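Following: one structure in structure tokens, then a few remarks.
Chains as they are written, first to last, in the UniProt record's numbering: chain P, 1 to 749; chain G, 1 to 639.
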């Protein structure tokens with residue numbers, strides 16, 4: 001079950017971050033990965049420069065490992081390409097092939113184990129090479145360990161198992177006795193320590209001691225780690241440690257703690273006085289302590305930020321500049337609009353024309369200082385039909401209702417009836433004319449919400465007969481006989497977990513358990529492309545707001561960026577420690593946000609492929625993300641029923657909305673961003689005052705610099721309304737262009 | 001956090017592993033099996049954990065076999081087929097081997113294939129839209145009536161609601177009184193009615209706490225009496241809460257020291273009150289109540305306190321209810337009761353004491369049945385013919401003073417509570433209903449066979465016409481039998497509060513619900529059998545020819561077994577005198593009840609125990625009179 005492929009990439013990510021934190025080569029690396037993973041011959045989509053021949057020894061090692069993997073899997077062509085691009089000598093491969101321990105590492109790939117798969121071995125090598133690069137001096141283990149166990153070998157250091165209990169208790173006693181201001185900070189150490197000590201015990205076959213240790217101290221841990229603890233408690237044998245994903249996460253990523261310098265000194269002094277090497281070693285090896293100067297944080301501050309699988313984000317992870325501003329709207333001549341308004345509005349022309357021009361002009365002329373340059377990401381040119389649609393959009397926008405706490409939106413509920421096969425995903429087109437549902441029986445169904453029926457384009461033979469010069473050619477190509485209210489799209493071989501309409505309403509994307517993403521034409525209602533690249537179920541996919549690009553994420557822990565006309569991904573965003581559960585594009589298409597069951601949200605730069613933000617604070621897998629229309633903020637909802645609000649520019653949590661009692665599956669800002677709507681499994685839609693939530697912010701420099709937020713608990717003030725359905729979980733929310741709220745879900749009798 | 005330590009995983013035992021190995025022909029050693037078992041557990045847990053994410057992404061709450069199979073498939077394990085059914089698979093056990101297995105029935109494929117009833121398949125998946133909330137305001141009622149919507153109340157109401165409930169359920173009796181008074185008279189609490197009803201339905205959760213039950217019942221009373229509230233269908237809910245207090249073997253009754261009897265009596269009174277005042281809001285309520293009471297009564301498994309509740313409930317619903325339900329059921333029930341009462345073993349003491357309670361309650365009920373029945377036979381004549389059945393409540397005042405019923409002003413303290421008015425009003429408007437399966441003499445003789453002298457002692461013939469209220473129209477006396485009070489010593493105040501208490505209740509209880517027609521079946525059977533008795537105004541108006549029959553029906557020997565003497569002279573008259581021989585009062589207590597009615601002293605404040613000492617044995621030999629006195633007394637609680 002191990003998402004080895006994902007794991008592989010994870011580790012690579014770690015490697016890169018460790019070795020070259022500000023590396024620009026990261027993107028290249030991922031580009032390489034993309035080629036590897038999709039393994040097409042002659043991949044040509046790599047962005048960025050080719051990497052100069054693998055520079056550092058550990059990189060070279062990694063590459064060798066990858067090469068070997070490819071060779072084992074008979075992917076000789078890919079191996080060849082990689083070898084050429086990496087600039088490795090021809091014989092390097094052979095060397096690796098014949099003498100598996102050529103790189104000086106323990107694991108002979110040839111002898112790679114009966115179970116666990118080759119990838120595990122690979123993974124271990126990679127990891128080891130990474131840690132060897134960074135921590136070789138401090139660690140003398142693993143050299144003589146055979147193959148798979150290398151990952152785990154860090155645990156092989158022997159201590160008296162009976163003493164673990166004593167060590168932990170004495171540390172506990174110490175932390176309980178320190179000053180209040182330090183206690184909360186130092187208490188963070190408990191959980192990772194507990195986990196690693198437990199794993200050490202298990203690894204060294206002290207099963208009963210491990211159980212006793214767990215019994216004794218598991219109750220002390222914070223309740224939001226409960227899920228992980230449950231996994232941990234089921235793990236009592238060394239043999240079981242091999243394939244366990246959670247375990248790999250713990251081992252391959254350092255648990256990050258943020259502790260003030262004073263507190264850290266206190267802890268260090270204590271451990272040194274006591275000669276408590278066992279604990280000190282663990283802290284050194286498995287924990288990353290991010291020390292900051294200044295006041296220690298309070299318990300509530302810590303609790304707000306912790307909860308993720310691997311601790312908090314490092315401060316420097318959120319330092320990169322993010323261009324969160326919106327792109328300039330293309331200038332469109334509005335001949336139609338003019339006529340229309342003239343017809344509607346009989347008043348004098350000069351009066352009306354001026355303000356409109358100003359409107360359009362002011363929007364487009366002033367470049368938002370936080371916006372990326374227009375061409376940072378190459379975007380498709382607007383077609384005539386797109387321009388028409390934009391005009392429609394603007395006209396609609398003028399009729400938009402200005403929402404606020406006093407004027408709440410009306411809600412229309414689209415209920416799926418007789419959905420015995422299980423509704424798993426819903427999407428609306430932006431103009432709210434179509435609704436599509438993904439179902440557990442592998443089908444995708446599309447309904448027309450307007451009286452206009454869905455029609456297919458005529459067959460090629462029939463199309464030949466059409467007078468192509470006629471004005472209504474677009475109407476003529478449609479086959480009236482096929483008109484119906486709904487269409488069913490068959491093609492997937494597993495439940496459809498994510499669907500997304502293209503902005504121009506010509507295409508529909510669907511991602512499925514069968515590890516593919518399919519692109520469907522809404523003209524012919526047939527499948528156009530099946531994108532294969534993910535190796536495990538694809539949980540979510542979304543089109544970019546400008547079309548052409550789309551992003552997907554799944555169980556293999558990587559998100560991929562695709563373009564509709566490429567059958568392999570353009571970027572691979574790797575770094576999450578667990579499944580990617582939801583993916584969203586930033587309104588300016590330059591960034592992608594992914595939510596994961598490792599309880600973090602990451603923001604990725606589409607251009608470089610780098611992770612530019614890591615948001616921690618959720619206590620459960622994240623199932624909904626949405627950007628605010630102005631691009632500045634992000635809202636996320638998780639299984640814990642909480643909505644968290646994030647300031648993208650500063651990389652800070654800025655709000656917490658409590659109220660839902662079950663998983664939040666959908667979030668949406670109103671068109672102007674005044675209202676945030678959240679829909680949940682608990683059969684409710686809740687509306688929140690987003691304006692107030694963001695207005696109340698005081699992002700002074702200090703907070704911005706340290707990232708220490710202090711949230712006030714004002715969920716009740718921000719909650720504008722709770723709206724219940726009878727027995728229908730809210731799966732999707734959508735604001736129409738006039739700010740009517742549409743909700744959708746399957747009636748669940 | 002504590003419960004996390006409690007959590008244990010399901011485990012596959014070593015024996016199961018061994019058995020499975022055996023079934024596939026492999027012998028396993030103990031240690032191997034143990035290791036395997038542990039590994040199996042781990043793998044199962046792992047698979048379960050990974051399958052849960054398929055559930056989450058399918059946006060379901062229920063883990064399906066399909067989810068589990070997906071998890072297996074993705075970890076390169078063969079999926080398990082054949083368990084995809086929607087229905088739960090029943091496990092059967094084999095005793096000898098302590099084995100559990102899934103029942104796997106043979107399916108007759110031929111039959112299936114040739115079946116003619118081909119299932120239609122499911123309806124097409126579709127999307128329907130409705131405007132759920134307009135401008136953020138709901139245009140549909142929230143689904144549940146109660147607590148979820150509390151916040152939709154205005155703030156003031158919410159505060160009021162909280163204060164009131166806190167006051168009523170709180171410690172301070174004064175506050176409670178004020179709160180009760182308020183919900184009884186407040187005209188603006190209609191919106192809160194569902195919440196109050198919900199609170200009251202909480203009786204089920206506080207059945208251990210008599211005090212709380214009592215408070216909730218008081219709340220019912222106040223709501224019922226609030227003239228501004230339209231209870232609508234909430235009556236049903238209120239009635240069910242009250243019935244709960246009457247009939248259920250409350251947790252509080254485990255301790256014999258708890259006086260749950262009083263609670264039941266009070267609830268019964270309340271029931272009748274709700275019923276008489278609001279019975280018209282829910283059709284068929286009367287019949288339903290009777291049915292459920294009857295069910296309890298005929299269920300020998302129920303504890304005696306439930307039976308007691310059923311009896312007092314019937315009693316409170318009126319003598320007709322007693323006649324319809326209790327009386328026909330008495331022979332069967334009597335045997336059970338007798339067995340309890342005749343068991344003198346020590347272990348039976350408590351049960352026996354309860355049995356006496358029931359005995360007392362039955363006695364009181366049938367006694368009034370007899371009395372009222374006899375009274376009713378004479379009544380119709382007394383009443384002006386113009387009295388319309390189901391006439392508007394406005395006529396109540398008029399009826400109160402209707403002749404022969406009671407002396408005009410009610411001196412009792414209950415009158416102030418308003419309920420007594422209903423008692424009288426009910427009495428006046430009651431007798432149109434036709435139902436009399438057993439003629440009075442037969443009934444009396446049957447009852448006498450059960451109760452013996454303890455029944456008979458209350459009835460006797462009076463010597464003359466003595467002190468019957470003067471307002472009785474004299475012309476009726478010529479043609480009808482009339483209840484005539486005779487008191488040898490009219491000026492003496494009676495000391496039998498229990499009887500007067502009955503009288504307070506009885507007249508109105510004879511009335512059928514305001515607009516609730518009697519169940520047709522009952523009416524039909526009734527009219528067939530009873531010719532002798534009818535007090536129906538309807539009837540007297542519609543079919544006057546039967547009047548003659550009626551008058552002839554009751555001859556002198558009404559109570560053959562009782563020590564009746566025929567009236568001395570004049571027209572045939574049966575006069576009832578509630579004897580209630582008072583020990584210590586030197587047998588001078590033979591008075592017609594009508595007169596004593598007026599003279600009843602206000603409710604004694606003496607606790608039942610005090611009475612018990614004063615009242616020596618009545619009736620059944622060896623029966624401690626205290627039992628029924630107590631129960632009787634408790635019937636008397638004012639609302």
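Even for Gly, the Cβ is constructed at its ideal location relative to N, Cα and C. As the structure is a computational prediction, the values presented were derived from the model and not from experiment.
Under the three-state reduction of DSSP output, residue 427 (chain P) falls in the strand class. Counting along the chain, residue 630 (chain P) sits inside no alpha helix (DSSP H), nor does DSSP assign it H or E at all. From the beta-carbon of residue 159 (chain G), no residue of chain P is found nearer than 9 Å; the closest lies around 17 Å away.
When DSSP states are grouped into helix, strand and coil, residue 261 (chain P) belongs to the helix group. Taking C-alpha positions only, residue 608 (chain P) is separated from residue 51 (chain G) by approximately 35 Å.
Listed by position along chain P, the residues whose Cβ is nearer than 9 Å to that of residue 130 (chain G) are 412, 413, 414, 415.
Around the beta-carbon of residue 344 (chain G), fewer than 16 other beta-carbon atoms lie within 10 Å, marking it exposed.
As DSSP reads the structure, residue 256 (chain P) sits in a beta bridge with P:288, P:311. Relative to residue 547 (chain P), the option among P:403, P:561, P:380, P:513 whose CA is nearest is P:380. Under the criterion of beta carbons closer than 8 Å, residue 525 (chain P) and residue 427 (chain P) do not qualify as touching, at roughly 16 Å. Contact check for residue 231 (chain P) against residue 310 (chain P) fails: the beta carbons are separated by 8 Å or more.
Counting only residues of its own chain and dropping the five nearest sequence neighbours on each side, residue 404 (chain P) has a CB closer than 6 Å to the CB of 674. In the DSSP assignment, residue 479 (chain P) falls within the unbroken beta strand (DSSP E) covering 478-484.
Just measuring C-alpha positions, the residue of G:11, G:292, G:449 sitting nearest residue 246 (chain G) is G:292. Collapsing the DSSP output to three states places residue 694 (chain P) in a helix.
Around the beta carbon of residue 131 (chain G), fewer than 16 other beta carbons sit within 10 angstroms, so the residue counts as exposed.
At a cut-off of 3 residues, the continuous stretches assigned as beta strand (DSSP E) that sit fully inside the stretch 21-105 of chain G are 91-94, 99-102.
DSSP links residue 573 (chain P) through a beta bridge to P:559. Residue 413 (chain P) and residue 129 (chain G) do touch by the CB rule: their CB atoms are close to 7 Å apart, below 8 Å.
Taking 8 Å as the upper bound on Cβ-Cβ separation, chain G lies near no residue of the stretch 386-401 of chain P. Beta bridge pairing from DSSP links residue 432 (chain P) with no other residue. Bridge partners of residue 605 (chain P) according to DSSP: P:591. Contact between the stretch 393-402 of chain P and the stretch 730-738 of chain P is established, with three or more Cβ pairs separated by less than 8 Å.
When C-beta atoms of the stretch 36-48 of chain G are compared with those of the stretch 482-492 of chain P, fewer than three pairs fall below 8 Å, so the two segments do not count as touching. By the beta-carbon neighbour count (other beta carbons within 10 angstroms, threshold 16), residue 295 (chain P) is exposed.
Cα atoms of residue 376 (chain G) and residue 319 (chain G): separation of roughly 10 Å, rounded to the nearest angstrom. Neighbours of residue 181 (chain G) across chain P, judged by C-beta separation under 8 Å, do not exist; the nearest C-beta is about 34 Å away. Rounded to whole angstroms, residue 249 (chain P) and residue 192 (chain P) show a C-alpha spacing of 12 Å. Within chain G, the residues whose beta carbon sits less than 9 Å from that of residue 621 (chain P) are 53, 56, listed in sequence order. Excluding its 5 nearest sequence neighbours in each direction, residue 287 (chain P) has C-beta neighbours in its own chain below 7 Å: 192, 254, 255, 257, listed in chain order.
Taking all protein chains in view, the Cβ of residue 601 (chain P) is crowded by 16 or more other Cβ atoms within 10 Å, so the residue is classified as buried. Residue 213 (chain P) counts as buried, since at least 16 other C-beta atoms from the protein chains shown sit within 10 angstroms of its C-beta. Cβ neighbours of residue 613 (chain P) within its own chain (closer than 6 Å, five residues either side excluded): 318, 603, 651. Within the stretch 435-509 of chain P, the complete beta strand (DSSP E) runs of at least 3 residues fall at 444-448, 454-457, 478-484, 486-489, 496-501.
Counting only residues of its own chain and dropping the five nearest sequence neighbours on each side, residue 38 (chain G) has no CB closer than 7 Å to any other CB.
Between residue 536 (chain P) and chain G, the shortest Cβ-Cβ separation is below 8 Å.
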